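Q:
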Amino acid sequence: PNRRKYPVCMCLGPQLSDQMVELFEACQQQTSDLARKETCRTRLQKDIQSIYAVARLYLTGSSMNGLGCRSSDADLCLVLKGNNRPDPIHVLTVLQRLFKSLSYVERTQLIRAKVPILRFREKGSDLEFDLNINNTVGIRNTFLLRSYAYADLRIRPMILVVKKWARHNQINDASKGTLSSYTLVLMVLHYLQTLKEPVLPSLQRDYPECFYAFLDIDVVPEGPKRVPPYISTNQSSLGELLLGFLKYYATDFRWDKQVISVREAKALPKNNSKEWRNKYICVEEPFEKNNVARAVHEKIKFDAIKATFAESCRILQDRKDLNSILPVRAII
Ligand code: ATP
Ligand code: MG
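Going from the sequence shown to our numbering is simple: count from 1 and add 11.
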């Protein structure tokens, strides 16, 4: 019955769109999944406050942005105010010791990446957490993405299917030199913003008061509540949008000349600055304006990504069946 909520397309037929809705409804994060993450967050915040009295713990990423699956991890940001620029590694080392004494936490592991994180699991479950210190841009962009996710009914199924497709094709792992989920989401939003009849506007342009880059972090989660659904003239079905997305990156987008800017809802010309020079894929972080796709630094990985778009585009155009590019049954 839910299929009737989405636009249908006569030329493509309903099959592909229906398959996308079916996959979305089977995989999307459930209220109970979020409740479990939230319970853990509350407990952790209380335990952390025994050391850092005024610390605040925020749930971020796909758990909060409306684009999560049942299997998504929980991203956490610990905000330590006042304490001027604490060393994240130091704080994470202190937390690692604390977490080892907690009955509901196991397998803590400190990861010294550009943004260092403490990775751990809820004891006896497969729920995984990634906790960072003061990386507040992640809180801002989580609530920006959440506003996009709910601006049009088609966004959440569209992005979930693209994430599953990318994962299945092994191009969704920044630690292996391919695309992070965050990069993929921005790529989908960019495509939807730049259609002749856009499915999305620039929310940062239309609602600057909600997404001001220096907004007090406590009020950032209120942003999405003040953004109404976008009224688009584009009535494309989910199937048409998925095909269009693959085609856009397989043939239209100029990787060597363009920078994806969701902030401006357009492709910007690639200039010679350090951020974009010699980078295979350029996707601007909407608040900090750096390149979120810098993990793609090997030509072989870049070529694999482009080949995946081209191959899937060709197959889907021909077959018009989601199973031809993503085995739906195996994933549900
Ligand atoms: P998944 O469902 O696969 O876990 P996700 O939406 O949680 O997807 P990730 O790529 O794991 O996506 O990133 C988690 C969050 O971390 C993002 O939602 C974003 O808030 C933040 N983030 C990730 N990469 C960057 C980046 N390069 N710059 C700023 N924030 C980032
Ligand atoms: Mg995540």
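Note that CB positions come from ideal geometry on N, CA and C, so glycine has one too. Here the structure is a predicted model, which means the values were calculated and not measured.
Are the beta-carbon atoms of I166 and V231 separated by less than 8 Å?
A: For I166 and V231, no; Cβs fall outside 8 Å.
Q: Going along the chain, which residues of its own chain have a beta-carbon closer than 6 Å to the beta-carbon of A224, five neighbours each way excluded?
A: Around A224: F298.
Q: From this set, V270, D29, C20, V273, which residue's C-alpha is nearest V339's C-alpha?
A: Closest by alpha carbon: D29.
Q: Beta carbon of M198, beta carbon of I122: below 8 Å?
A: Their beta carbons are not under 8 Å apart, which means M198 does not touch I122 by this criterion.
Q: Would you check if the stretch 109-119 and the stretch 70-80 touch, i.e. whether three or more CB-CB distances between them fall below 8 Å?
A: They do not touch, by the three-pair rule.
Q: Output yes or no for whether 8 Å exceeds the beta carbon distance between L103 and I59.
A: Not a contact, by the Cβ cut-off of 8 Å.
Q: By how many angstroms is the C-alpha of T50 removed from the C-alpha of E286?
A: The straight-line gap from Cα to Cα measures roughly 39 Å.
Q: Alpha carbon to alpha carbon, how far is L337 from K175? Give it in angstroms, no decimals.
A: Approximately 8 Å, taken between the alpha carbons.
Q: Determine the direct distance from the alpha carbon of V32 to that of D314, and round the result to whole angstroms.
A: About 30 Å.
Q: For K300, name the three-state secondary structure that DSSP assigns.
A: Reduced to three states, the DSSP call for K300 is coil.
Q: Just to confirm, does S191 get its C-beta within under 7 Å of one of the non-hydrogen atoms of the ligand MG?
A: It does not: the Cβ of S191 is nowhere closer than 7 Å to a heavy atom of the ligand MG.
Q: Check R157 in the structure and name its three-state DSSP category.
A: Three-state result, R157: helix.
Q: Kindly indicate which three-state DSSP category Y69 falls into: helix, strand or coil?
A: Looking at Y69 - three-state DSSP - the assignment turns out to be strand.
Q: Could you give the DSSP three-state label for V173: helix, strand or coil?
A: Here V173 sits in helix by DSSP.
Q: Going along the chain, which unbroken runs of the alpha helix (DSSP H) with 4 or more residues stay wholly within the stretch 47-129?
A: DSSP runs (the alpha helix (DSSP H)) wholly in the stretch 47-129: 99-111.
Q: Taking the alpha carbon of Y17 as the reference point, which residue from Q215, E275, D163 has its own alpha carbon closest?
A: Of the listed residues, the one whose Cα sits closest to Y17 is D163.
Q: For T153, count neighbouring Cβ atoms within 10 angstroms of its own Cβ and tell me buried if that reaches 16, exposed if not.
A: T153 is buried by the Cβ-count criterion.
Q: Measuring straight from C-alpha to C-alpha, what distance separates R325 and L254?
A: Cα-Cα distance, rounded: 9 Å.
Q: Around the C-beta of C38, are 16 or more other C-beta atoms found within 10 angstroms, so that it is buried, or is it exposed?
A: Classification for C38: buried.
Q: Looking at C-beta atoms only, is the number of pairs between the stretch 231-245 and the stretch 170-189 that lie closer than 8 Å three or more?
A: No, the stretch 231-245 is not in contact with the stretch 170-189.
Q: Alpha carbon to alpha carbon, how far is S136 from F110?
A: Answer to the nearest angstrom: the Cα atoms are 16 Å apart.
Q: Taking only runs of the alpha helix (DSSP H) that begin and end inside the stretch 237-275, which ones reach a length of at least 4 residues, in chain order?
A: Listed in chain order, they are 249-258.
Q: Tell me, please, which residues DSSP counts as bridged to N143.
A: Note: N143 sits in a beta bridge opposite C88, I128.
Q: May I have the straight-line CA-CA distance separating T189 from A306, to the nearest angstrom?
A: Cα-Cα distance, rounded: 6 Å.
Q: Note down the Cα distance separating T278 from Q269, rounded to an integer number of angstroms.
A: It is Ala, not Thr, that sits at residue 278 in the sequence shown. Going from the Cα of A278 to the Cα of Q269 covers about 6 Å.
Q: Looking only at C-alpha atoms, which of N282, R67, A185 sits nearest to Q56?
A: Comparing Cα-Cα distances from Q56 to each of N282, R67, A185, the minimum goes to R67.
Q: For the candidate residues R157, L156, F264, whose alpha-carbon lies nearest to that of L206?
A: Looking at the Cα atoms, F264 is the closest of the given residues.
Q: Going along the chain, which residues of its own chain have a beta-carbon closer than 8 Å to the beta-carbon of P280, five neighbours each way excluded?
A: The residues are K268, Q269, V270.
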